[in-house]
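A.B. asks:
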Amino acid sequence: MRVLIMTVFILVSLNSFCSKNPFVSSGAYQKRVTITDYSNDSFYVSGKKYEIIFESDSMNLIAFTKKNLDFYTFLIFFKGEDDRPNNYEVVKLDFSNRNIFKCKIKIPLWASRFMFSVQDNKGNVLINWIGLPLVNQKGDLMKSAIRYLFEKDTLGRNYDNYVKYELEVNQNNLIFATKWFYELKYKILNKDILRKDIEIIKKSCKDQAERVVLLYIGYKLLDNQIEFSHYSDSLEEMKNITPLNNEFVCSFFDIFFPFDVSDSLPFNSFYEKLLFNNPNSLLFFRRLGDGSFRKLPFSKLINSINERINHNQTQNNYQEIISLYSLFLERKLMDSVRVFLPKIESYLNLLLRKNFLEKFKYFRNIYIQKALLLSYVSDGYILLRNYSKAIDILKNGIQLFDPLDFNNYFYYKKIAFSYEKIGSIDSALHYYFMALKLYPEDNSLKKEISKIVGLKFLDTLEYEKWLFSKLNNLQLYSNIIINPNLYLRTNKEEKIFLTDNKFKFIVLSFFHTSCGVCLKEIEFLNKHFENFTKKGGIVFLISPEDNLLIQEFLKEKNVKIPYITNSSEIMRYFNINLYPTTVIIGSNGRILNLFYGFDPNNEKHILNLIN
Numbered sequence: 001m002r003v004l005i006m007t008v009f010i011l012v013s014l015n016s017f018c019s020k021n022p023f024v025s026s027g028a029y030q031k032r033v034t035i036t037d038y039s040n041d042s043f044y045v046s047g048k049k050y051e052i053i054f055e056s057d058s059m060n061l062i063a064f065t066k067k068n069l070d071f072y073t074f075l076i077f078f079k080g081e082d083d084r085p086n087n088y089e090v091v092k093l094d095f096s097n098r099n100i101f102k103c104k105i106k107i108p109l110w111a112s113r114f115m116f117s118v119q120d121n122k123g124n125v126l127i128n129w130i131g132l133p134l135v136n137q138k139g140d141l142m143k144s145a146i147r148y149l150f151e152k153d154t155l156g157r158n159y160d161n162y163v164k165y166e167l168e169v170n171q172n173n174l175i176f177a178t179k180w181f182y183e184l185k186y187k188i189l190n191k192d193i194l195r196k197d198i199e200i201i202k203k204s205c206k207d208q209a210e211r212v213v214l215l216y217i218g219y220k221l222l223d224n225q226i227e228f229s230h231y232s233d234s235l236e237e238m239k240n241i242t243p244l245n246n247e248f249v250c251s252f253f254d255i256f257f258p259f260d261v262s263d264s265l266p267f268n269s270f271y272e273k274l275l276f277n278n279p280n281s282l283l284f285f286r287r288l289g290d291g292s293f294r295k296l297p298f299s300k301l302i303n304s305i306n307e308r309i310n311h312n313q314t315q316n317n318y319q320e321i322i323s324l325y326s327l328f329l330e331r332k333l334m335d336s337v338r339v340f341l342p343k344i345e346s347y348l349n350l351l352l353r354k355n356f357l358e359k360f361k362y363f364r365n366i367y368i369q370k371a372l373l374l375s376y377v378s379d380g381y382i383l384l385r386n387y388s389k390a391i392d393i394l395k396n397g398i399q400l401f402d403p404l405d406f407n408n409y410f411y412y413k414k415i416a417f418s419y420e421k422i423g424s425i426d427s428a429l430h431y432y433f434m435a436l437k438l439y440p441e442d443n444s445l446k447k448e449i450s451k452i453v454g455l456k457f458l459d460t461l462e463y464e465k466w467l468f469s470k471l472n473n474l475q476l477y478s479n480i481i482i483n484p485n486l487y488l489r490t491n492k493e494e495k496i497f498l499t500d501n502k503f504k505f506i507v508l509s510f511f512h513t514s515c516g517v518c519l520k521e522i523e524f525l526n527k528h529f530e531n532f533t534k535k536g537g538i539v540f541l542i543s544p545e546d547n548l549l550i551q552e553f554l555k556e557k558n559v560k561i562p563y564i565t566n567s568s569e570i571m572r573y574f575n576i577n578l579y580p581t582t583v584i585i586g587s588n589g590r591i592l593n594l595f596y597g598f599d600p601n602n603e604k605h606i607l608n609l610i611n
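Heads up, the final residue of the sequence shown is numbered 611 in the numbering used here, and it's a clean run with no missing numbers.
#1: Do Y563 and L549 count as a contact pair if the criterion is CB distance below 8 Å?
#2: Counting pairs of beta carbons, one from the segment 263 to 283 and one from the segment 514 to 534, are three or more of them closer than 8 Å?
#3: May I ask you to list the residues that DSSP assigns as paired with Y487?
#4: What residue range is occupied by the uninterrupted beta strand (DSSP E) comprising V118?
#5: Assuming contact is defined by CB atoms lying nearer than 8 Å, are F532 and I610 in contact in what I supplied?
#6: Apart from the five residues on each side of it in sequence, which residues of its chain come closer than 8 Å, Cβ to Cβ, to T565?
#7: Please list the terminal residues of the continuous beta strand (DSSP E) segment that includes K89.
#8: How is the alpha helix (DSSP H) around G537 delimited, first residue to last?
#9: Can you give me the C-alpha to C-alpha distance between G423 and F417, rounded to a whole angstrom?
#10: Output the boundary residues of the alpha helix (DSSP H) element that contains Y165.
#11: How is the alpha helix (DSSP H) around V507 delimited, first residue to last?
#12: Measure from the C-beta of S234 to each C-beta in chain C and report whether the shortest distance is under 8 Å.
#13: With distances taken between CB atoms, is the gap from R195 to A145 smaller than 8 Å?
#14: Out of curiosity, what's the CA-to-CA distance linking F257 and Y219?
#15: Going by the CB atoms, is the gap between D153 and D120 shorter than 8 Å?
#16: Whole angstroms is fine: what's the gap from I506's alpha carbon to G536's?
#17: Quick check: what's the CA-CA separation for S204 versus L221?
#18: Out of curiosity, what's the CA-to-CA distance linking F529 and K560?
#19: Looking only at its chain, what residues have a beta carbon closer than 8 Å to the beta carbon of Q551, apart from the 5 residues adjacent to it on each side?
#20: Can you give me the Cβ contacts of K495 inside the same chain, cut-off strictly under 7 Å, excluding the 5 residues immediately before and after it?
#21: Based on Cα-Cα distance, which residue from E569, P484, L498 and I576 lies nearest to H512?
#22: Using a Cβ-Cβ cut-off of 8 Å (strictly less than) and excluding sequence neighbours within five positions of G289, which residues of its own chain qualify?
#23: Nearest by alpha-carbon distance to I107: which of F410, C518, F181 and G47 is it?
#24: For I425, tell me which candidate among N593, S444, K451 and N173 has the shortest Cα-Cα distance.
#25: Taking the straight line between their C-alpha atoms, what separation do you get for Y216 and D197?
#26: In three-state DSSP terms, what is L132?
#27: Please specify which runs of the alpha helix (DSSP H), each continuous and at least 4 residues long, are wholly inside the segment 164 to 219, giving them in chain order.
#28: Contact defined as beta carbons within less than 8 Å: I believe V249 pairs with V213. What is the distance between those atoms, to the nearest angstrom?
#29: So, is K413 buried or exposed, given that buried needs 16 or more other C-beta atoms within 10 angstroms?
#30: Could I get the ranges of all uninterrupted alpha helix (DSSP H) runs contained in the segment 250 to 321, with 4 residues as the minimum, in chain order?
#31: Which residue's Cα is closest to the Cα of D500: I449, R590, Y573 and I76?
#32: How should R2 be labelled, buried or exposed, when 16 other C-beta atoms within 10 angstroms of its C-beta is the threshold for buried?
#33: Tell me whether the beta-carbon of L81 lies closer than 8 Å to the beta-carbon of K143.
#34: Would you kindly check if the distance between the Cβ of S304 and the Cβ of F285 is under 8 Å?
#35: Check this for me: beta carbons of N245 and D94, under 8 Å apart or not?
Structure, rendered in structure tokens:
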């Protein structure tokens, strides 16, 4: 059995693998690789058993061990070009000493790559999801495993070698979709080279579905309307084709047909037919979250969903079940909600148990799933008019969240609404005020409270005066203190402690360059950056991505806000799992408020809070 040392923030040579691999002569692997959270000294081999040692001097990791929490590694294995997870594993880590943990795993013989993260039994993420490639017994990279090398090669120097290797060793033509995606991402897509790629595909790609999909994408990127229309017509008639299970193919369709956040645009007719012709695909599953897609004729959606069920696509797939349930909930189909609700509630109950990780292995992002399931289960009982059950579910669930978590704002409102429905006015008022602690600028909520108070104290209380006095007191609520040793390292090499009282306030905006609504948040902060500085505050941007990528992104968007270079440590401390997230810290080192996700109303609240 082989032992691999995983050390946070290290550089690792891959020479041991290169010496055995026939592809090495091209020089493609002759480089050093930086992996954000951890790395290993060589590639993993499919079918082998490993003992993995996690070693870290991370302040957070040591702090977590003092709390006597259990740690787990989450593993997801993938097969070839199929980007639907084929197997999940959750393995408890054995505690060795203050900063070393061990676990034993076996990699399936069929797996070509896998992802894993490390979390404690409360869902705190210590190591974010990292993808790692696998090699077979001969030392060749498994099909599609080479994709991870594209991510690191931001200049595209070895892309041709990667493609050549994948074509020769694995006969994987869909590697072109991977190549084009990263060329587009890093802005190195050359149309002359793209035309050569298309000619190679025409000559060498024997699989009709792969050829049509790749040529459709290629000609779309070239903006060749005649050829694009030809392959568009061909693709529109194809059914149950496997290339639509490829992540990068799906990503191009996301680019060509963006998600409609406002749900206001009609769904593209070509894309509609393609999706309904391929209901078992990853592409179809990804579109279940698109509001416009979900508004298509319900009979078509149901037929496609039934086909997925018949092909066992939903079997043990909690994400699929949740998507279907949310669709029924959205359509207010009480009978369907009643059928699915027990299953959804069972998922939530597992999250509420201390040992849930050992019992249920399909939660890839624990924090988001807690919030999502709590909302779905409570909304289901509210729809079914079982308000008492909704109250019990929400009261138990909110114990999982920080007191200033913005999700609590919605939960408190739901609890208050449910109490109001069963006639418990005092309890309803209590939870409406709890919601106002998190969002004191909600005028509709103020009106609701005024209405309730007016009903209860119609002739005995000047409820307007009473309401405003309550609100003034509630806005002072802030009781979370930042770790005094936590500091930011800026792109200008400055070291700033978050409890440094030379600033009247500090705004931290966590974002991702692929997040569209994050850009709206950044634009708002950039607009007010100078004003915030004049008021004695400071704003910083934080992203988990490569610093060079962040720098280029902010330069292109003309953003003058500084960014943080020690992002992983800061993100672990605040347990960031959702983008954008905005944290506002006062001069006394206390958190004034947190905002999860993007809402235009947040902007007004942030300005009022700072003013």
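Glycine included, C-beta positions come from ideal geometry on N, C-alpha and C.
C.D. replies: Answer, in terms of the structure:
#1: For the pair L549 and Y563, the CB atoms are not nearer than the 8 Å cut-off.
#2: Flag = no, the segment 263 to 283 and the segment 514 to 534 do not touch.
#3: Assignment of beta-bridge partners to Y487 by DSSP yields F497.
#4: First-last of the beta strand (DSSP E) with V118: R113 to D120.
#5: Yes, they are a contact pair.
#6: For T565, where only same-chain residues beyond five positions count, the Cβ hits under 8 Å are R489, T490, N491 and N547.
#7: Strictly speaking, residue 89 in this sequence is Glu, with Lys absent from that position. Boundaries of the beta strand (DSSP E) harbouring E89: D82 to K92, taken from the DSSP string.
#8: For G537, there is no enclosing alpha helix (DSSP H); the residue is part of the beta strand (DSSP E) that begins and ends at G537 to I542.
#9: Annotation: G423 to F417 spans about 10 Å, alpha carbon to alpha carbon.
#10: Segment Y159 to N170, the alpha helix (DSSP H) holding Y165.
#11: For V507, there is no enclosing alpha helix (DSSP H); the enclosing beta strand (DSSP E) has its first and last residue at F505 to F510.
#12: Any reference to chain C falls outside this structure, which holds one protein chain only.
#13: No, they are not a contact pair.
#14: Taking C-alpha positions only, F257 is separated from Y219 by approximately 16 Å.
#15: It is not a contact, given that the beta carbons lie outside the stated cut-off.
#16: Spanning the two alpha carbons is a distance of roughly 9 Å.
#17: Answer to the nearest angstrom: the Cα atoms are 20 Å apart.
#18: Distance between the alpha carbons of F529 and K560 is about 8 Å.
#19: Within the same chain, Q551 has close Cβ partners N491 and Y563.
#20: These residues qualify, in order along the chain: Y487 and R489.
#21: It is I576 whose Cα lies nearest to the Cα of H512.
#22: Counting only Cβ-Cβ distances below 8 Å, and skipping sequence neighbours, we find F259 and S323.
#23: It is G47.
#24: Closest option to I425, judged by alpha-carbon separation, among N593, S444, K451 and N173: K451.
#25: Roughly 13 Å between the two C-alpha positions.
#26: If DSSP states are grouped into helix, strand and coil, L132 belongs with the strands.
#27: Complete alpha helix (DSSP H) runs here, min 4: 175 to 185 and 191 to 204.
#28: V249 to V213, Cβ: 6 Å. Contact.
#29: K413 is buried by the Cβ-count criterion.
#30: Restricting attention to alpha helix (DSSP H) runs no shorter than 4 residues, the segment 250 to 321 encloses them at 269 to 277, 282 to 287, 291 to 294 and 298 to 310, ordered along the chain.
#31: With distances taken between CA atoms, D500 lies nearest to R590 out of I449, R590, Y573 and I76.
#32: Here R2 scores only 35 on pLDDT, less than 50, and its place in the model is too uncertain to base an answer on.
#33: The displayed chain sequence assigns Glu, not Leu, to residue 81. In this structure, the beta-carbon distance from E81 to K143 falls below 8 Å.
#34: No, these two residues do not count as a Cβ contact at 8 Å.
#35: No, Cβ-Cβ distance for N245 and D94 is not below 8 Å.
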